[in-house]
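**Q** For any residue, its number in our numbering is found by taking its place in the sequence shown, counting from 1, and adding 131.
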Amino acid sequence: MGQPIRGYDGTVTLAGLATAFVTDWQVQLDTQEQTEGPFIGDNGLLYTYTTSRKLSGTLNGTVPIGKDAGQTAMLSGALNSSLISIVLVSTGGYTVTIPSGTVSKFTLKQEAKGTVTLSFDFSSSGTFTVA
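1) Just to confirm my understanding: we take F237, look at its own chain, exclude 5 residues before and 5 after, and list those with CB closer than 8 Å. What are they?
2) Measuring CB atoms only, is the segment 167–177 touching the segment 220–237, in the sense that at least three cross pairs come out at less than 8 Å?
3) Where does D199 land, buried or exposed, given buried means 16+ other C-beta within 10 angstroms?
4) Tell me the DSSP secondary structure of S200 in three-state form.
5) Contact defined as beta carbons within less than 8 Å: I believe V227 pairs with V158. What is the distance between those atoms, to the nearest angstrom?
6) Hey, could you find the ends of the beta strand (DSSP E) G147 is sitting in?
7) Tell me which residue opens and which closes the beta strand (DSSP E) that T154 is part of.
8) For S207, which three-state DSSP category applies?
9) Taking the alpha carbon of V247 as the point to measure from, which residue in M132, G138, L145 and V153 has its own alpha carbon closest?
10) Compute the beta-carbon to beta-carbon distance between I229 and L186, rounded to the nearest angstrom, for a pair I have assumed lies under 8 Å.
11) So, helix, strand or coil for I171, using DSSP?
12) Report yes if the CB atom of S183 is closer than 7 Å to the CB atom of L214, and no otherwise.
13) For T260, collect the residues of the same chain with a Cβ closer than 8 Å to its Cβ; drop the 5 residues on either side in sequence, then sort them by chain order.
14) Since D155 and N191 should fall inside the 8 Å C-beta cutoff, what is the C-beta to C-beta distance between them, to a whole number of angstroms?
Okay, here's the thing in structure tokens:
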């Protein structure tokens, strides 16, 4: 039996920039399906096939003093509706690559009892890989 991957072993690259202070990320596959049938003489069977798919996810981090270039690129992508590359790596595990991602939402939060945090919702625009 192998060893589990430690949660802090990995890297995050946003818009080609190594990004620090990321606390967690997640991605999910969103699939749209179409169902056809039943057809005459086919015993009432239905046929389902995938028509489209994309990755969507969230990324959360802590804002360091002086800001982080990758986090700033994500903010800029959201504010300017521009595409950015997103690469999420679990060292020894999976790598998620989104060459052209869109940032649909961000939340910037400051609490007196804690640190300043930033979270992003993103999705793929076009191709992606999970390997």
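Using N, Cα and C, we set each Cβ at its ideal position, and we do this for glycine too.
**A** This is what the structure gives:
1) M205, L206, A209, L249, S250, F251 and D252
2) no
3) Residue burial is scored here from C-beta neighbours: D199 has at least 16 other C-beta atoms within 10 angstroms and is therefore classed as buried.
4) Before going further, note that residue 200 is Ala rather than Ser in the sequence given. Helix, per DSSP.
5) Rounded, the Cβ-Cβ distance is 5 Å, consistent with contact.
6) Taken as a continuous stretch (DSSP letters only), G147 belongs to no beta strand (DSSP E), as it is neither H nor E.
7) V153 to E167
8) In the structure shown, S207 sits in a helix (DSSP, three-state: H, G or I).
9) V247 has its Cα closest to that of V153, out of M132, G138, L145 and V153.
10) 6 Å
11) coil
12) no
13) T226, V227 and T228
14) So it is a contact: roughly 5 Å between Cβ atoms.
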